[in-house]
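Student:
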Amino acid sequence: MMRKNIGEKMKEMFIATKYWLRTIKLLFEVNWFYMVCIIVFAILQGILPVATLLITQELINTILVSIGKSFDPVLFWFVLLAIVSLVLVLVQIIQGYLQSVLQILIVYKLNVKLMKKSSELSLTDFENPEIYDKLQRAQGEVGTRPFQVFTTLLSIITGIITLLSSAVVLITWKWWVFLLLIITPIISTYYSLKIGKWEFDIQVQRTPKFRKSWYYSFLLTKDINYKEIKAFNLGEYIVNRYKKIYDDFIVMDKKIARRKAVVGLIFSCLEEIIGLFITLFIIFVTFTGEILIGNLMGYMKAVGLCVTSFKGVFNSIASLLQNNLYIKQFFEFLDLETDMSVGKQDDYIELGDIKKIEFQNVSFKYPGTQKYALKNVSFTIKKGQIIGIVGENGSGKSTLTKLLLRLYRVEEGTILINDQDINKYSEEDVRKRMSVVFQDYVKYELTVQDNIGLGNVKSLQNKERILQSAEKSGAKSMIEQFPEGINTQLGSWFAESQQLSGGQWQKIAVARSFFKPADIYILDEPSAVLDPISEKHIFDKFFNVVEDKIGIFTSHRFSTIKIANEILVFDKGSLVEKGSHNQLVEQNGYYSKLYGIQASPFNEENKKSYQMN
1034 MMRKNIGEKM KEMFIATKYW LRTIKLLFEV NWFYMVCIIV FAILQGILPV
1084 ATLLITQELI NTILVSIGKS FDPVLFWFVL LAIVSLVLVL VQIIQGYLQS
1134 VLQILIVYKL NVKLMKKSSE LSLTDFENPE IYDKLQRAQG EVGTRPFQVF
1184 TTLLSIITGI ITLLSSAVVL ITWKWWVFLL LIITPIISTY YSLKIGKWEF
1234 DIQVQRTPKF RKSWYYSFLL TKDINYKEIK AFNLGEYIVN RYKKIYDDFI
1284 VMDKKIARRK AVVGLIFSCL EEIIGLFITL FIIFVTFTGE ILIGNLMGYM
1334 KAVGLCVTSF KGVFNSIASL LQNNLYIKQF FEFLDLETDM SVGKQDDYIE
1384 LGDIKKIEFQ NVSFKYPGTQ KYALKNVSFT IKKGQIIGIV GENGSGKSTL
1434 TKLLLRLYRV EEGTILINDQ DINKYSEEDV RKRMSVVFQD YVKYELTVQD
1484 NIGLGNVKSL QNKERILQSA EKSGAKSMIE QFPEGINTQL GSWFAESQQL
1534 SGGQWQKIAV ARSFFKPADI YILDEPSAVL DPISEKHIFD KFFNVVEDKI
1584 GIFTSHRFST IKIANEILVF DKGSLVEKGS HNQLVEQNGY YSKLYGIQAS
1634 PFNEENKKSY QMN
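The opening position of the sequence shown corresponds to residue 1034 in the working numbering, with each subsequent residue numbered one higher.
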């Protein structure tokens, strides 16, 4: 059973070699000229050491037979040796330079590929732990493994050329010497492969724990967590959680290192004993006059080259097969099919101006859950309408926005845009015509111009329009007080940054939304941390922006909700009521109850029933 398990592991490692060609292809795409030069230089580095050996052997023998005679033959071999040695040094220096530059380019190009692939993933993908683990492992390997595969292949090419050349020297003399030299490295490589596969399996298994340790580190090293960490005295607790994970890692890493050391000690001792025996034999046959001093030097150097190159080749093969397992993680991530792909781009129809949105019996459960976030929801919104959405936390309000943006796929029911299924339009087209302020909007550690301009990158340099959007959100007066105005760096991560309050950040996020030309504007709790004056300003401008478009906003504040043309009332994922504020109050239903709770002073009865933030 154990042999079968080992065989399966070895088979898995060799199957992973299919990624060699993909890796090499990627590297040629980065810079084909550098790649060709490096390969040529690698071949030269395999040939030149043996050439040096043979020239040195001839030089010494020529010295011995030319004593008292002409110096010209000696000078010839010496000059030839000097030229070959200098060429070898030059090749090594140039190759080192080319590899350094190529590695920089590779890391850059592969990181770009990784970022592009990440940008194609759906929200469902990001919320899938298995896919997130793949992303984590791909990020860990992109900086080193692809280039290591290439350099290891080069080492194998160089080593094989040197090995074959030196083997010819030894085999033409005593074939059994070569055979004796290669036995130990072969057995050693087998055990190295086993340990390498074991180590890889451990790394894969610990990925979730590694992600958790990274998160603990993130909590203590980023300013956004600082206040709460201090307020609850969490520093020592989080450090201890981090240490517990790494203590387990260290125990296993020591076990791996110990096994490597034992295997290395055993086979290194065997190699040393065999090497000493062969060296003694060469000295003996020289002493008996069977070979000349030059041959002595040549054979001893050939033995050294043979041992070094053979060990190097087999160690490189073991390293390469192990690297294949890691590089596989990178390509598996690149090959992921995104959850939102619905066919070829050619199958999509063009989306014009959005004039109508219709939900038809839409039900939705988040991946991995059994509870419906939305249940049989139906409503229609037409151009020129402003819709307010109200409901308790978890009632499904934000889920509507995610489905409209196609962050998730509707599995039950249909969403229609202009009387066509939303899935007939590309994600890019749908999102291009919608502008959103999420509850958990991003606070970009960038300049004011970038923070607002990212709403429409094509107009990022249009400072006048950016300031107009800032005026609509109430952020303009704040920006004018900054030392660098629109060029002020926001946040706290970089030098000379301007830190903002929650309300100020929210104004920036709303300005970003207003900056984007769209057919639908969605504000998900846009005034959660705003004062009443700022809230009124934003909604006055919001009504102007969406005058001939579609406006959707969610809010817990009824002072805001009641100005909508129509209000959708959600409870536990279902649309329970809809109508204007006055109509809903007169119905004396769920909306009226919520409105009464917020409008009345807190008493013991409504304290128990009040669920709103």
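Think of the CB as a built atom: it goes at the ideal place given N, C-alpha and C, for glycine as much as any other residue.
If we require 4 or more residues per run, which alpha helix (DSSP H) segments fall completely within the stretch 1429-1483?
Tutor: Within the stretch 1429-1483, the complete alpha helix (DSSP H) runs of at least 4 residues are 1430-1437, 1460-1465.
Student: Establish whether the CB of L1143 and some CB of chain B are separated by less than 8 Å.
Tutor: The displayed structure is made up of one protein chain only, and chain B is not part of it.
Student: Are the beta-carbon atoms belonging to F1074 and Q1128 less than 8 Å from one another?
Tutor: Cβ distance < 8 Å, so F1074 and Q1128 count as in contact.
Student: Contact between the stretch 1470-1488 and the stretch 1534-1550 is defined here as three or more beta-carbon pairs at a separation below 8 Å; is this criterion met?
Tutor: Contact holds: three or more Cβ-Cβ distances are below 8 Å.
Student: Alpha carbon to alpha carbon, how far is K1509 from Q1537?
Tutor: Between K1509 and Q1537, the C-alpha separation is close to 11 Å.
Student: Using CA atoms only, rank isn't needed, just tell me which of E1445, L1168, Y1248 is closest to V1272.
Tutor: Ranking the options by Cα distance to V1272, first place goes to Y1248.
Student: Ignore the nearest five residues each way along the sequence and tell me which others in T1463's own chain have a CB closer than 6 Å to its CB.
Tutor: With the sequence shown as reference, residue 1463 is identified as Val, and Thr is not the correct amino acid for it. These residues qualify, in order along the chain: R1439.
Student: Assign I1278 to one of three DSSP states: helix, strand, or coil.
Tutor: The answer is helix: DSSP assigns I1278 an H, G or I state.
Student: Is it buried or exposed, V1340, if we count other Cβ atoms within 10 angstroms and call 16 or more buried?
Tutor: V1340 should be labelled buried.
Student: What does DSSP give as the partner residue(s) for V1395 in the beta ladder?
Tutor: V1395 is bridged to V1410.
Student: Excluding the five sequence neighbours on either side, which residues of its own chain have a C-beta within less than 8 Å of the C-beta of I1650, listed in chain order?
Tutor: Residue 1650 lies beyond the residue range present for the chain, which begins at 1034 and ends at 1646; the question has no answer from this structure.
Student: Is it buried or exposed for E1568, if we count other Cβ within 10 angstroms and need 16 for buried?
Tutor: Its Cβ being crowded by 16 or more others within 10 Å, E1568 is buried.
Student: For a minimum of 4 consecutive residues, which ranges assigned as the alpha helix (DSSP H) are wholly contained in the stretch 1559-1609?
Tutor: Fully enclosed alpha helix (DSSP H) runs of 4 or longer: 1565-1578, 1591-1594.
Student: Count the other C-beta atoms from every protein chain shown that fall within 10 angstroms of the C-beta of G1417, then say buried if there are 16 or more, exposed otherwise.
Tutor: Classification of G1417: exposed, given that the 10 Å Cβ count is below 16.
Student: Here's a check: name, in chain order, each residue in its chain whose Cβ is nearer than 8 Å to the Cβ of L1436, leaving out the five neighbours to either side.
Tutor: Contacts found: V1395, F1397, L1407, V1443, I1448.
Student: Could you name the residues of the same chain whose beta carbon sits closer than 7 Å to that of R1170, not counting the 5 residues immediately before and after it, in chain order?
Tutor: Counting only Cβ-Cβ distances below 7 Å, and skipping sequence neighbours, we find T1240, Q1362.
Student: Determine the burial state of F1320: buried for a count of at least 16 other Cβ atoms within 10 Å of its Cβ, exposed for fewer.
Tutor: By the neighbour-count rule (16 or more Cβ atoms within 10 Å), F1320 is not buried but exposed.
Student: Give the straight-line distance between the Cα atoms of K1230 and S1133, rounded to the nearest whole angstrom.
Tutor: Each residue's Cα considered, the two are about 29 Å apart.
Student: In or out: K1377 buried (at least 16 other Cβ within 10 Å) or exposed?
Tutor: For K1377, the pLDDT reaches just 48, beneath the cut-off of 50, and the residue's location in the model is therefore unreliable, although a value from the coordinates is still provided. Exposed, by the Cβ-count rule.
Student: Pick out whichever of K1505, E1529, Y1554, V1618 has its Cα sitting closest to the Cα of D1573.
Tutor: With distances taken between Cα atoms, D1573 lies closest to K1505.
Student: So, using beta-carbon positions, are I1422 and I1585 closer together than 8 Å?
Tutor: Yes; because the gap between Cβ atoms is below 8 Å, this pair is in contact.
Student: Spell out the partners DSSP gives L1556 in its beta bridges.
Tutor: Bridge partners of L1556: V1470, F1586.
Student: Going by C-alpha distance, which of G1606, D1557, N1577, V1578 is nearest I1594?
Tutor: Closest option to I1594, Cα to Cα, is D1557.
Student: Around the Cβ of L1212, are there at least 16 other Cβ atoms within 10 angstroms (buried) or fewer (exposed)?
Tutor: L1212 is exposed by the Cβ-count criterion.
Student: For L1523, which residues does DSSP report across the bridge?
Tutor: In DSSP, L1523 forms a bridge with Q1531.
Student: Inspect the beta-carbon positions of L1523 and E1478 and report whether they are closer than 8 Å.
Tutor: Cβ atoms of L1523 and E1478: closer than 8 Å.
Student: On the DSSP letters alone, give me the boundaries of the alpha helix (DSSP H) that G1229 sits inside.
Tutor: Where G1229 is concerned, the enclosing alpha helix (DSSP H) stretches over 1208-1238.
Student: Since R1466 and I1387 are thought to touch, with beta carbons under 8 Å apart, how far apart are those beta carbons, to the nearest angstrom?
Tutor: Rounded, the Cβ-Cβ distance is 5 Å, consistent with contact.
Student: Using three-state DSSP, classify G1612 as helix, strand or coil.
Tutor: G1612 falls in the strand class under three-state DSSP.
Student: In the structure shown, what three-state DSSP assignment does Y1405 receive?
Tutor: DSSP places Y1405 in strand when its eight states are reduced to three.
Student: Let's see if you can read the secondary structure: which residues bound the alpha helix (DSSP H) around V1182?
Tutor: First-last of the alpha helix (DSSP H) with V1182: 1178-1204.
Student: If we count Cβ pairs, one from each stretch, closer than 8 Å, do we get three or more for the stretch 1188-1195 versus the stretch 1074-1086?
Tutor: Contact between the stretch 1188-1195 and the stretch 1074-1086 is present, because at least three Cβ pairs lie under 8 Å.
Student: Would you kindly work out how many angstroms separate the C-alpha atoms of S1225 and N1489, rounded to a whole number?
Tutor: In a straight line, the C-alpha of S1225 is about 54 Å away from that of N1489.
Student: Rounded to a whole number of angstroms, what is the C-alpha to C-alpha distance between E1304 and L1097?
Tutor: When rounded, the distance between both Cα atoms is 33 Å.
Student: Grab the span of the alpha helix (DSSP H) containing V1423 for me, first residue to last.
Tutor: Counting along the chain, V1423 falls outside any alpha helix (DSSP H), though it belongs to the beta strand (DSSP E) covering 1419-1424.
Student: List the residues that DSSP assigns as beta-bridge partners of I1390.
Tutor: Bridge partners of I1390: I1414, I1450.
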